[in-house]
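The structure appears right after this line, and notes come after that.
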Amino acid sequence: MTAAFLISGTVHLIRPAVFEPVVPRWLPRRREIVYVSGVAELICAGGLLAGAPWARKASAALLLGVWPGNLQMALDATAQARGDDRRPRDLAFATVAWARMPLQIPMIRAVLSSGHTRGAA
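Quick note: the sequence shown, position 107, residue 107 per our numbering, numbers continuous.
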């Protein structure tokens, strides 16, 4: 998870336009949300690397916080797949987007259990 946070957080800051479409439309200031979530991912990655006691819960909260973005991506992908073109690529992307939703659960479990073997609090 640390590597995923490092990579994703960096992309959030370097190419925020990649993530803006998945920010739920009802949220204002989408670009700022992308930047804040990118910084949060980098902070969590650093905390996990350092074994900081707060990092596991903060990382789980971050994963919960981005879940609405994953839902938005799945909904948008489904709408695209149902469009007039109905390209196999769109259907595949929609399938992956929906499959990603329940994968957040093991990711949250992973960050919450990280550090237990090292004796971190």
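Ideal placement from N, C-alpha and C gives every residue a C-beta, glycine not left out. For clarity, every value in this text was computed on a predicted model and none was experimentally measured.
With distances taken between CB atoms, is the gap from Ala-139 to Asp-90 smaller than 7 Å?
With the chain covering only 1 through 121, there is no way to say anything about residue 139.
Where the alpha helix (DSSP H) containing Glu-41 begins and where it ends
The count along the sequence shown starts at 1 and reaches residue 41 at position 41. Element bounds for Glu-41: 30-50.
Starting from Ala-100, trace the alpha helix (DSSP H) in both directions and tell me its first and last residue.
To locate residue 100, count along the sequence shown from 1; it is residue 100. Rather than Ala, the amino acid found at residue 100 in this sequence is Arg. Looking at the DSSP string, the run of the alpha helix (DSSP H) that includes Arg-100 is 88-113.
In the DSSP assignment, the alpha helix (DSSP H) including Ala-17 goes from what residue to what residue?
For the purposes of this step, residue 17 is identified with residue 17 of the sequence shown, where counting begins at 1. Here Ala-17 belongs to no alpha helix (DSSP H), and DSSP marks it neither H nor E.
Cβ of Arg-56 within 7 Å of Cβ of Leu-112?
Counted from its first residue, the sequence shown places residue 56 at position 56. Counted from its first residue, the sequence shown places residue 112 at position 112. Going by C-beta atoms, Arg-56 is nearer than 7 Å to Leu-112.
Leaving out five residues on either side along the sequence, give the residues of the same chain with a beta carbon under 6 Å from the beta carbon of Ala-77.
Sequence index remark: in the sequence shown, residue 77 carries index 77 (1-based). Answer for Ala-77: Phe-93, Ala-94, Ala-97, listed in chain order.
Could you check what DSSP says for Pro-68 in three-state terms: helix, strand or coil?
Residue 68 sits at position 68 when you count from the first residue of the sequence shown. Three-state result, Pro-68: helix.
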